[in-house]
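Novice: Here it is, the structure in full.
In my numbering, the protein residues as written are 208 to 342.
Below is the structure:
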């Protein structure tokens with residue numbers, strides 16, 4: 208007699224390994240589309256940009272980062288484009304942002320991040336507090 212959803216004898220939990228299941232390679236795979244990984248990378252870049260470059264996370268504004276991703280057989284290549292404040296130590300900040308984004312994407316997707324390229328779109332100076340000339 209079966210009780211419960213497909214579990215013999217009322218036993219709870221998943222079936223024992225090898226209990227009539229096909230080999231792992233034949234069961235299928237979890238596929239994460241490029242655009243989903245790119246959105247994760249964009250959010251990670253926004254957070255890293257705010258933390259590493261002291262740029263406030265402005266959704267949709269001129270400083271919002273963008274990302275593209277190319278997922279191939281368990282690994283991903285990322286390309287980020289973002290603005291940085293001026294003045295800043297560009298190589299150091301970029302390296303830290305790349306590392307932060309790679310770590311976060313790997314953590315959330317389970318993919319190996321093979322490469323993160325970063326393009327600095329522009330350097331942004333702080334907006335002046337007042338308008339016109341000061342006399």
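Built from N, CA and C at the ideal position, the CB exists for glycine as well. This structure is a prediction, so every number in the text was calculated from the model and none was measured.
For the segment 238–250 against the segment 293–300, are there 3 or more C-beta pairs whose distance is under 8 angstroms?
Specialist: Contact between the segment 238–250 and the segment 293–300 is absent, because fewer than three Cβ pairs lie under 8 angstroms.
Novice: In whole angstroms, what is the alpha-carbon distance linking residue 238 and residue 327?
Specialist: Answer to the nearest angstrom: the Cα atoms are 30 angstroms apart.
Novice: Check the C-beta distance from residue 290 over to residue 270 and give it rounded, since I have them as a contact under 8 angstroms.
Specialist: Sure, about 5 angstroms apart at Cβ, within 8 angstroms.
Novice: Candidates 259, 280, 258, 255: which alpha carbon is nearest residue 236's?
Specialist: The shortest Cα separation from residue 236 among 259, 280, 258, 255 belongs to 280.
Novice: If the criterion is Cβ atoms closer than 9 angstroms, does the pair residue 283 and residue 325 meet it?
Specialist: The answer is no: Cβ separation not under 9 angstroms.
Novice: With distances taken from CA atoms, which of 312, 332, 331 is nearest residue 277?
Specialist: Checking every option, the nearest Cα to that of residue 277 belongs to 312.
Novice: Have a look at 259, 331, 316 and flag the residue whose alpha-carbon is nearest the alpha-carbon of residue 242.
Specialist: Nearest option by C-alpha distance: 316.
Novice: Residues bridged to residue 320 by DSSP?
Specialist: Per DSSP, 283.
Novice: Helix, strand or coil, according to DSSP, for residue 326 in the structure here?
Specialist: Strand at residue 326.
Novice: Under three-state DSSP, which class holds residue 310?
Specialist: Residue state, collapsed to three classes: helix.
Novice: Work out the CA separation of residue 314 and residue 231 for me, nearest whole Å.
Specialist: Using only the alpha carbons, I get a separation of about 22 angstroms.
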